[in-house]
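Structure first, then comments.
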DNA sequence: TTGAAAGCGCTAACAC
DNA sequence: GTGTTAGCGCTTTCAA
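Chains as they are written, first to last, in the UniProt record's numbering: chain A, 1 to 347; chain B, 1 to 347.
Below, the structure written as structure tokens:
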């Protein structure tokens, strides 16, 4: 069970370390005889290079830039920032520097400006949260032109030029919500699907979730739910929802396609005798408050913190240890209720 | 943003690398003046040692032994083995050798025998799956006496001498199941709690889950479920359950505290008009089959594969990079239905 | 085509 | 007390 090093191989083959290295990396300039001998030896002993040593040699400092919506403007993004910060700490001692940049999630100009700055820095990789689809495509092209690796989280779209994507299957996510809804409301009732602030956000997300949700329910054999979709602005939510709920039995379940589900729960809370079930997204403190008192029945955890952290991890291990980066990593769609949320929130 | 090395510090402080190292590791034999100067400098520039270099120096081969129930005897343990095997592959190139040993989960002698063999090998750490509690306590003492690190997964008990534990909060796990059950069966019905093969397994697990389950339901304000507990052997299951189910409306929900929930689902499937809800544990193929056709309503994922993998990861990063090992790592309690299982099964 | 040698950053033994 | 030095395993340059 001895650990063989290049030196061992060299001695066994009667050549120098340099030659072994040339064989290992197929750098040519090796005689047929030596090639043959070393190759066989390598196979025989199942040589595994010491990745630590290899990495040490490569003393380059790697540089990753992260482009995210500013959490001070939309706190939804705070978990992503937290995930990135964890990664910063973890990889600092490994010679990987990570810089965070924030844009205004309602302002494409700020997005462009930041990417321009980053381009000039020529980092080794950039992680972007592409909430502006069209604009992202453009920016990614520029990064690719300079051979800068581009990673994304959170975006379900096929973006060309992306090296790796970490996220969730959003259609499936809608199906998960639908199955849950099916289980907790009586057959044949009416379900409301609410998209909140669609114009200001990446509406593709909401549409895919809706698609999955409908798709699941429409194919059911023995029940026949009525589905109503509303795309609303926060400002209009109160009036609209109040109107609907004052008409009793009109709605039995509400599926909110975003993390703003607490604002729906807050209104529904005023109708305690209606027993309306609510399913939505993300473990915001506000959402968990309603989850705890059963005003929200289920939350689906998109795990933005882990998405961001994992994405950087993949890049770091690629730089340090040449570990292959999976092109797409789909995280599980966590179902969260009042009893298991803290397993997902605390770390 | 320069990366400072020991050499840099030495030059800045006007001392040698050796002295800096002595300060860093508090090895004494440093004059007050030098100590003061170097210490301040280190703080000033927030020196971070290069962990790769440090690790390379330490060329020792670490050795971890894993003691698990034989998956050929009880396939429940296969995921753990898979997790360990993943870790073996991953850390092979980092100078960490991991050996797997299997005991018969129904034979304490085999457990002792294997631990005896391992003790003689004097590994750096051992990961045991302590399904025999009393016996494990004994064995752990012996490891501790030889300064061998002991890690465990899957066991909720306070075992003294354990360095780290990776697992789940089993009482909370029962509460999760209870909350789910509450949502999917009508109020005030009867719920059956089934422990399968309790004598042959670690019954503590089942008891804790039951405790959490009951605890949740008993404190509900507006409903009043009747709870019945059965501890059964596989062989008796069919007769007992048939008896119960032939008495209509006797049972509305069944909570199975182990992964053998499929064997309950199989029997309940013969009573299609009863609409009995079933909740159980673990993503065995057999369970997923019933989950898919809604015969099982929810499974709780204990994620044995990840438990094992994570545990070894923690040990490896401790050996390689001196990363602190958390004494206890509680994994989230994943709720799984027919729509999100594949996020947890495929990797 | 090949071997020798330097060096990545850190540690520790050894000489002064 | 302190500085020097060798060396961890691998890569790469340079001279032969």
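Backbone N, C-alpha and C define an ideal beta-carbon position, used for all residues, glycine too.
Based on DSSP bridge pairs, tell me the residues matched to residue i.
i, result
"residue 195 of chain A", "A/231"
"residue 328 of chain A", "A/165"
"residue 63 of chain A", "A/97"
"residue 322 of chain B", "Partner(s): none; residue 322 of chain B has no beta bridge."
"residue 48 of chain A", "DSSP, once it has assigned bridges, lists no residue as partnering residue 48 of chain A."
"residue 151 of chain A", "A/127, A/164"
"residue 82 of chain A", "According to DSSP, which records beta bridges pairwise, residue 82 of chain A is partnered with nothing at all."
"residue 253 of chain A", "A/191, A/277"
"residue 102 of chain A", "A/68"
"residue 334 of chain A", "A/301"
"residue 348 of chain B", "The structure shown does not extend to residue 348 of chain B, since chain B is modelled only from 1 through 347, so no value can be given for it."
Buried or exposed for residue i, going by 16 or more other Cβ atoms inside 10 Å?
i, result
"residue 220 of chain B", "exposed"
"residue 46 of chain B", "exposed"
"residue 182 of chain A", "buried"
"residue 235 of chain B", "exposed"
"residue 130 of chain B", "buried"
"residue 109 of chain B", "exposed"
"residue 205 of chain A", "buried"
"residue 19 of chain A", "buried"
"residue 207 of chain B", "buried"
"residue 72 of chain A", "exposed"
"residue 55 of chain A", "buried"
"residue 275 of chain A", "exposed"
"residue 115 of chain A", "buried"
"residue 334 of chain B", "buried"
"residue 121 of chain A", "exposed"
Requested in this report: Could you say if the stretch 206–220 of chain B and the stretch 170–188 of chain B meet the contact criterion of at least three C-beta pairs nearer than 8 Å?
Outcome: Cβ pair count under 8 Å is three or more, so yes.
Requested in this report: May I ask you to list, following chain order, the residues of the stretch 105–139 of chain B that have a beta carbon less than 7 Å from some beta carbon of chain A?
Outcome: Answer in chain order: no residues at all.
Report task. Jot down the residue ranges of each uninterrupted alpha helix (DSSP H) in the stretch 255–326 of chain A, minimum 4 residues, whole runs only, in chain order. Result -> Correct list: 261–268, 285–292, 304–321.
Query - Within 8 Å of chain A by C-beta, residues of the stretch 41–52 of chain B in sequence order - result: Listed by position, the residues of the stretch 41–52 of chain B near chain A (Cβ gap below 8 Å) are 48, 49, 50, 51, 52.
**Report entry** Contact set between the stretch 87–107 of chain B and chain A, restricted to residues whose Cβ is under 8 Å from the partner
**Finding:** The residues in question are 92, 93, 94, 95, 97.
Query raised in the report: Is the stretch 253–267 of chain A in contact with the stretch 179–197 of chain A, if contact means three or more CB pairs nearer than 8 Å?
Result: Touching, yes.
Query - Three-pair Cβ contact test at 8 Å for the stretch 139–148 of chain B versus the stretch 278–296 of chain B - result: Taking 8 Å as the limit for Cβ pairs, the verdict is that the stretch 278–296 of chain B does not touch the stretch 139–148 of chain B.
Query raised in the report: Going along the stretch 50–75 of chain A in order, which residues come within less than 8 Å of chain B, judged by CB to CB distance?
Result: So the close ones are 50, 51, 52, 53, 55, 56, 61.
Query raised in the report: In chain order, what residues of the stretch 245–258 of chain B put their CB closer than 8 Å to some CB of chain A?
Result: If the cut-off is 8 Å between Cβ atoms, the stretch 245–258 of chain B has nothing near chain A.
Query raised in the report: What residues from the stretch 177–193 of chain A come within 8 Å of chain B, judged by C-beta to C-beta, listed N to C?
Result: If the cut-off is 8 Å between Cβ atoms, the stretch 177–193 of chain A has 178, 179, 180, 183, 184 near chain B.
Query raised in the report: Does the count of Cβ pairs from the stretch 86–100 of chain A and the stretch 61–74 of chain A closer than 8 Å reach three?
Result: The answer is yes - the stretch 61–74 of chain A touches the stretch 86–100 of chain A, with three or more Cβ pairs under 8 Å.
Report task. Determine which residues of the stretch 291–321 of chain B have a Cβ less than 7 Å from any Cβ of chain A, and write them out in chain order. Result -> Across the stretch 291–321 of chain B, CB contacts with chain A closer than 7 Å involve 297, in sequence order along the chain.
Query raised in the report: Taking three-plus beta-carbon pairs below 8 Å as touching, is the stretch 302–319 of chain A in contact with the stretch 76–92 of chain A?
Result: Output reads yes: the stretch 76–92 of chain A touches the stretch 302–319 of chain A.
Query - Whole alpha helix (DSSP H) elements within the UniProt domain "HTH lacI-type" (4–58) of chain A, 4-residue minimum - result: Runs found: 6–13, 17–24, 32–44, 51–57.
Report task. Count the C-beta pairs between the stretch 151–162 of chain B and the stretch 100–110 of chain B that are closer than 8 Å, then say yes if the count reaches three, no if not. Result -> Contact between the stretch 151–162 of chain B and the stretch 100–110 of chain B is absent, because fewer than three Cβ pairs lie under 8 Å.
Query raised in the report: Any contact of the stretch 39–54 of chain B with the stretch 1–14 of chain B, i.e. 3+ C-beta pairs under 8 Å?
Result: The stretch 39–54 of chain B makes contact with the stretch 1–14 of chain B, as at least three CB pairs between them are under 8 Å.
Report task. Specify whether the stretch 158–172 of chain A and the stretch 325–336 of chain A touch according to this definition: at least 3 beta carbon pairs, one from each stretch, less than 8 Å apart. Result -> Taking a cut-off of 8 Å for Cβ pairs, the stretch 158–172 of chain A and the stretch 325–336 of chain A touch, as three or more such pairs fall below it.
Query raised in the report: In chain order, what residues of the stretch 144–173 of chain B put their CB closer than 9 Å to some CB of chain A?
Result: The stretch 144–173 of chain B vs chain A, Cβ under 9 Å: 168, 169, 172, 173.
Report task. Can you give me, in chain order, the residues of the UniProt domain "HTH cro/C1-type" (2–48) of chain A that have a beta carbon less than 7 Å from any beta carbon in chain B? Result -> Correct list: 3, 48.
Query raised in the report: Going along the chain, which residues of the stretch 263–288 of chain B sit with their C-beta nearer than 7 Å to a C-beta in chain A?
Result: The stretch 263–288 of chain B vs chain A, Cβ under 7 Å: nothing.
Query raised in the report: At a Cβ cut of 8 Å, what residues of the stretch 329–340 of chain A count as close to chain B, listed as they run along the chain?
Result: Flagged, chain order: 330, 331, 332, 333, 334, 335, 336, 337, 338, 339, 340.
Query raised in the report: Residues in the stretch 211–244 of chain B with C-beta within 9 Å of chain A's C-beta atoms, listed in sequence order?
Result: Within the stretch 211–244 of chain B, the residues whose Cβ lies closer than 9 Å to some Cβ of chain A are 212, 216, listed in chain order.
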